[in-house]
Amino acid sequence: AQKVTQAQTEISVVEKEDVTLDCVYETRDTTYYLFWYKQPPSGELVFLIRRNSFDEQNEISGRYSWNFQKSTSSFNFTITASQVVDSAVYFCALHPSNAGKSTFGDGTTLTVKP
Amino acid sequence: DTEVTQTPKHLVMGMTNKKSLKCEQHMGHRAMYWYKQKAKKPPELMFVYSYEKLSINESVPSRFSPECPNSSLLNLHLHALQPEDSALYLCASSPWTSGSYEQYFGPGTRLTVT
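Chains as they are written, first to last, in the working numbering: chain A, 26 to 139; chain B, 194 to 307.
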């Protein structure tokens, strides 16, 4: 069975602060895929990043960075110099290698105040 | 074209009505999904079509009936719904090739059952 835990239900920061969203997963698969999605108040879920289990390289895209650590089963997401437009619900998800279904975490609601 | 479109954006229906939700993608993706999402919850998988065949049905009540006329289109037929079926219905598509299971979501249909 797969499980994704996003322990932080809500986070509130002031603009320009850095913030890290935690994601811990459980799976018995040796090959799997991890994702982060953003859901702004408008409602549309947006795919942000995919990470394969065999690729532990961290990734940076502008103000966003992702830290994948297989040893701790974590795939954390950091936003540097947060902006009001980053306010959204962020979901971490896990997908098995056998083309099954994705398991979503419960989401973290991030509020960035001006 | 990296867009998934959904119609209608909003739908209000009575418990005896029959209506359909429509979803379209032109990214050549081989899998399409229907999700139901309640406020402040992660999306809940309903159905997955891969290569135009129903591959996952998450024990959804028969008042929801999916249809995949071709690889670009996905419908969800609704009949005799209950007020608790009111939710945001999200369609998504995915490349569904090895290592590419990330999902691209449409804007959703906000359904209200009266």
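All C-beta atoms in this analysis are idealised placements derived from N, C-alpha and C, irrespective of residue type, glycine included.
Fair warning: this is a prediction, and the values are worked out from it, not measured in the lab.
Consult DSSP for residue i and reduce its assignment to one of helix, strand or coil.
i, result
"Glu-277(B)", "helix"
"Val-110(A)", "helix"
"Asn-250(B)", "strand"
"Phe-152(A)", "The structure shown does not extend to residue 152(A), since chain A is modelled only from 26 to 139, so the question has no answer here."
"Tyr-89(A)", "strand"
"Phe-3(A)", "Here chain A has residues from 26 to 139 only, and residue 3(A) is not among them."
"Tyr-294(B)", "coil"
"Ile-37(A)", "The sequence as given places Ser at residue 37(A); Ile does not occur at that position. Strand at Ser-37(A)."
"Ser-122(A)", "coil"
"Ser-67(A)", "coil"
"Gln-31(A)", "coil"
"Ala-285(B)", "strand"
State the start and end residues of the unbroken beta strand (DSSP E) segment that holds residue i.
i, result
"Ser-98(A)", "Where Ser-98(A) is concerned, there is no enclosing beta strand (DSSP E), given that its DSSP letter is neither H nor E."
"Glu-237(B)", "237 to 243"
"Pro-262(B)", "257 to 263"
"Cys-48(A)", "Careful: Cys-48(A) lies outside any beta strand (DSSP E) and carries neither H nor E."
"Lys-229(B)", "224 to 230"
"Asn-268(B)", "266 to 272"
"His-203(B)", "203 to 206"
"Thr-200(B)", "197 to 200"
"Lys-234(B)", "Element bounds for Lys-234(B): n/a, residue is neither H nor E."
Taking the straight line between their C-alpha atoms, what separation do you get for residue i and residue j?
i, j, result
"Leu-267(B)", "Met-225(B)", "7 Å"
"Lys-234(B)", "Asp-131(A)", "6 Å"
"Gln-82(A)", "Arg-75(A)", "12 Å"
"Glu-245(B)", "Thr-52(A)", "28 Å"
"Asn-210(B)", "His-272(B)", "6 Å"
"Glu-251(B)", "Met-239(B)", "5 Å"
"Asp-278(B)", "Met-208(B)", "10 Å"
"Ala-232(B)", "Thr-30(A)", "19 Å"
"Ala-124(A)", "Pro-259(B)", "20 Å"
"Thr-55(A)", "Val-205(B)", "45 Å"
"Leu-70(A)", "Gln-64(A)", "4 Å"
"Val-306(B)", "Gln-275(B)", "6 Å"
"Leu-46(A)", "Ser-243(B)", "32 Å"
Is the CB-CB distance between residue i and residue j below 7 Å?
i, j, result
"Glu-35(A)", "Val-137(A)", "no"
"Phe-298(B)", "Leu-283(B)", "yes"
"Ser-122(A)", "Tyr-57(A)", "yes"
"Glu-295(B)", "Phe-102(A)", "no"
"Val-114(A)", "Pro-139(A)", "no"
"Gln-199(B)", "Pro-300(B)", "yes"
"Gly-292(B)", "Asn-77(A)", "yes"
"Val-44(A)", "Ile-104(A)", "yes"
"Thr-302(B)", "Pro-201(B)", "yes"
"Phe-116(A)", "Phe-100(A)", "no"
Taking 7 Å as the CB-CB cut-off, is residue i touching chain D?
i, result
"Glu-260(B)", "Any reference to chain D falls outside this structure, whose protein chains are A and B."
What whole-angstrom Cβ distance do residue i and residue j have, given they're in contact under 8 Å?
i, j, result
"Gln-33(A)", "Leu-119(A)", "No, Gln-33(A) and Leu-119(A) are not in contact; Cβ-Cβ is about 17 Å, not under 8 Å."
"Glu-217(B)", "Ser-265(B)", "6 Å"
"Ser-98(A)", "Val-38(A)", "Their Cβ separation, rounded to whole angstroms, is 26 Å, which puts Ser-98(A) and Val-38(A) out of contact at 8 Å."
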